[in-house]
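Student: The sequence shown begins at 51 in the numbering used here and counts up one residue at a time.
All residues carry an ideal CB built from backbone N, CA and C; glycine is no exception.
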Amino acid sequence: MRRRCRAPPRPRSRASRRDNRIQRSQVLERAYLVGWASTRRSGSGGARDGLEAEETLQELHELSTSAGAQVVGVSVQRSPAPDPATLVGRGKVEEVRAAARAAGADFAIFDHDLTPTQLRNLEQALDLKVLDRTQLILDIFARRARSREGKLQVELAQLNYLLPRLAGRGTLLSRLGGGIGTRGPGEQQLEFDRRRIRARIRTLTEAIERVRSQRALHRGYRRSRQFYLVALVGYTNAGKSTLFNALTGSHVTTSSRLFATLDPTVRSLTLPSRRPALLSDTVGFIRKLPSHLVAAFHATLEELEGASLLVHVTDASHPQREQQDAAVEALLETLGIGSAPRIHVWNKIDLLDGAEVKRLPAGPNEVTASARGRDGLEELRHRIDHALGEDPIVEAQFDFPSSDGQRLALLYRCGEVLSTEYEDDRVRVRARVTESLRGRLQLPASTRTPA
Numbered sequence: 051m052r053r054r055c056r057a058p059p060r061p062r063s064r065a066s067r068r069d070n071r072i073q074r075s076q077v078l079e080r081a082y083l084v085g086w087a088s089t090r091r092s093g094s095g096g097a098r099d100g101l102e103a104e105e106t107l108q109e110l111h112e113l114s115t116s117a118g119a120q121v122v123g124v125s126v127q128r129s130p131a132p133d134p135a136t137l138v139g140r141g142k143v144e145e146v147r148a149a150a151r152a153a154g155a156d157f158a159i160f161d162h163d164l165t166p167t168q169l170r171n172l173e174q175a176l177d178l179k180v181l182d183r184t185q186l187i188l189d190i191f192a193r194r195a196r197s198r199e200g201k202l203q204v205e206l207a208q209l210n211y212l213l214p215r216l217a218g219r220g221t222l223l224s225r226l227g228g229g230i231g232t233r234g235p236g237e238q239q240l241e242f243d244r245r246r247i248r249a250r251i252r253t254l255t256e257a258i259e260r261v262r263s264q265r266a267l268h269r270g271y272r273r274s275r276q277f278y279l280v281a282l283v284g285y286t287n288a289g290k291s292t293l294f295n296a297l298t299g300s301h302v303t304t305s306s307r308l309f310a311t312l313d314p315t316v317r318s319l320t321l322p323s324r325r326p327a328l329l330s331d332t333v334g335f336i337r338k339l340p341s342h343l344v345a346a347f348h349a350t351l352e353e354l355e356g357a358s359l360l361v362h363v364t365d366a367s368h369p370q371r372e373q374q375d376a377a378v379e380a381l382l383e384t385l386g387i388g389s390a391p392r393i394h395v396w397n398k399i400d401l402l403d404g405a406e407v408k409r410l411p412a413g414p415n416e417v418t419a420s421a422r423g424r425d426g427l428e429e430l431r432h433r434i435d436h437a438l439g440e441d442p443i444v445e446a447q448f449d450f451p452s453s454d455g456q457r458l459a460l461l462y463r464c465g466e467v468l469s470t471e472y473e474d475d476r477v478r479v480r481a482r483v484t485e486s487l488r489g490r491l492q493l494p495a496s497t498r499t500p501a
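The structure is reproduced here in structure tokens:
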């Protein structure tokens, strides 16, 4: 019998291979979301807690989408107290297991920080990969980090999150594979033992400290040239980068995605008085921002400490704008700049009707604007100019105990130190600072306006 020869397979075209890659990249991981709310009536009451759980779950849905997941189901557990073993209790775990399996979920995301024990128990009971809110946000930051500084800070946050969760996980780490919650600069560290992870954390901490020193030099140069720094702050996706571009004529990447901006950007800001000023765009805030991230990104957030003025940008069209503003204010308090001078910008008024715009707060430090439509920008420039005029740069003499390292560090970070003298247990420092910074230091000082 003669063997029939088959023709060799035809090589696929580049276009065909590219189409296949695109199809594979468009296959989304399927996520099942789980929330928990207290039913105890204390303070604002359980009803408020339940409503807040619904709001944060909606935000978790947006975060999951930003991470590249397809949400296939949502469930909320309401109970007097969180279950120490699984957060939501055995009965709810069984319900979530059945629902997630029926929906074809690849993993579950809990809108709550899970303890290492809870995480381990849930993965065993659900037979699914489990992420909590912190790990999801870390994943998004890992996807967005572009600069070396950003990658260092994200990796440090990832490793600090992972370290207490290594105990007893054994095979769990090896079966995580790729996907949401395991990507980014830190993913190659997952199988390292504690000793090597701690060594890597030390290396990252030292590298970030060098970044902080470099940033301090830049701030010192700006102060020596008597530049005013204006910093944009606000909830993620409030339109800060679009406003930044509109005010400075820059082309910083803008997107409707959460956390589109991680790396701070500084550009020259032209004001009516021609006062020398710089505008800084910073990372957006969010409710329940992981403490690991706040600590890791402190080198970046320090830029806010030296700002002469904060411009708080709010998405005026967002239904939860009040809760978002409260989260921003809380984080500013945590950073020790809750009392810093500021202007509040109600952005995206092009998405509101005339009656809704009129109901927005009005006052000398309130501006309504549309960064995309370029409405209200000139008024904002004049408000910024006026506010900076009320915060002159002065030369101040400070005298305080040498043990007061915290305020001395703040003075070095945010002022231009001209001279330092040590006498017994006292330190005398002569520095150029803004009037508002001198007030924040709350130190006895004699001042004169520099020539």
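Run the CB neighbour count on S323, radius 10 Å, all protein chains shown included, and call it buried at 16 or more, exposed below.
Tutor: The residue labelled residue 323 in the question sits at position 273 within the sequence shown. S323 is exposed by the Cβ-count criterion.
Student: With distance defined between alpha-carbon atoms, name the residue in V84, G334, G154 and L137 nearest to R194.
Tutor: In the sequence shown, the residue the question calls residue 194 occupies position 144. When only C-alpha atoms are compared, the closest one is G334.
Student: Which term fits S116, buried or exposed, when burial requires 16 or more other beta carbons within 10 angstroms of its beta carbon?
Tutor: On the sequence shown, residue 116 is found 66 positions in, with the first residue counted as 1. Label assigned to S116: buried.
Student: What's the gap between the Cα of E485 and the Cα of S389?
Tutor: Translated into the one-based positions of the sequence shown, residue 485 becomes position 435. Translated into the one-based positions of the sequence shown, residue 389 becomes position 339. Cα-Cα distance, rounded: 13 Å.
Student: Looking at C-beta atoms only, is the number of pairs between the stretch 427 to 437 and the stretch 447 to 461 that lie closer than 8 Å three or more?
Tutor: No, they do not touch.
Student: From the DSSP output, in three-state form, read off I336 for me.
Tutor: Position 286 of the sequence shown holds residue 336. Coil.
Student: Whole angstroms are fine: how far does the CA of R244 sit from the CA of D365?
Tutor: Here residue 365 corresponds to residue number 315 of the sequence shown, with the count starting at 1. Here residue 244 corresponds to residue number 194 of the sequence shown, with the count starting at 1. Rounded to the nearest angstrom, the two C-alpha atoms are 43 Å apart.
Student: According to DSSP, what are the bridge partners of L282?
Tutor: Locating residue 282 in the sequence shown gives position 232, where the first residue counts as 1. For L282, which the question treats as bridged, DSSP gives the partners D331 and V361.
Student: Check whether the Cβ atoms of T83 and V121 sit closer than 8 Å, and answer yes or no.
Tutor: For the purposes of this step, residue 83 is taken as the residue at position 33 of the sequence shown. For the purposes of this step, residue 121 is taken as the residue at position 71 of the sequence shown. The sequence as given places Leu at residue 83; Thr does not occur at that position. Yes, the Cβ-Cβ distance between L83 and V121 is below 8 Å.
Student: Hey, L279 and A357 are a contact pair by Cβ (cut 8 Å); roughly how many whole angstroms apart?
Tutor: Counting from one through the sequence shown, the residue named residue 279 turns up at place 229. Counting from one through the sequence shown, the residue named residue 357 turns up at place 307. Confirmed, Cβ separation roughly 5 Å.
Student: Would you call the CB atoms of S330 and T298 closer than 8 Å?
Tutor: Against the sequence shown, residue 330 aligns to sequence position 280. Against the sequence shown, residue 298 aligns to sequence position 248. Contact flag unset, no.
Student: What does DSSP give as the partner residue(s) for A390 in the beta ladder?
Tutor: On the sequence shown, position 340 is the one that residue 390 refers to. A390 pairs with nothing; no bridge assigned.
Student: Where does V124 sit, in a helix, a strand or coil, going by DSSP?
Tutor: Here the question's residue 124 lines up with position 74 in the sequence shown. Strand.
Student: In chain order, which alpha helix (DSSP H) runs of at least 4 residues are fully inside the stretch 153 to 178?
Tutor: Counting whole runs of 4 or more residues, the stretch 153 to 178 contains the alpha helix (DSSP H) stretches 166 to 176.
Student: Can you look up D133 in the DSSP assignment and give me helix, strand or coil?
Tutor: Taking the first residue of the sequence shown as 1, we reach residue 133 at position 83. In the structure shown, D133 sits in a strand (DSSP, three-state: E or B).
Student: Just the Cα atoms here: how many angstroms apart are A459 and P442?
Tutor: Residue 459 sits at position 409 when you count from the first residue of the sequence shown. Residue 442 sits at position 392 when you count from the first residue of the sequence shown. Computed Cα separation, rounded: 22 Å.
Student: If you compare alpha carbons, which of D375, R90, G123 and Q108 is closest to R80?
Tutor: Numbered from its first residue, the sequence shown carries residue 80 at position 30. For R80, the nearest C-alpha among the options comes from G123.
Student: By DSSP, does A81 sit in helix, in strand, or in coil?
Tutor: Numbered from 1 along the sequence shown, position 31 holds the residue referred to as residue 81. Note: A81 maps to strand in three-state DSSP.
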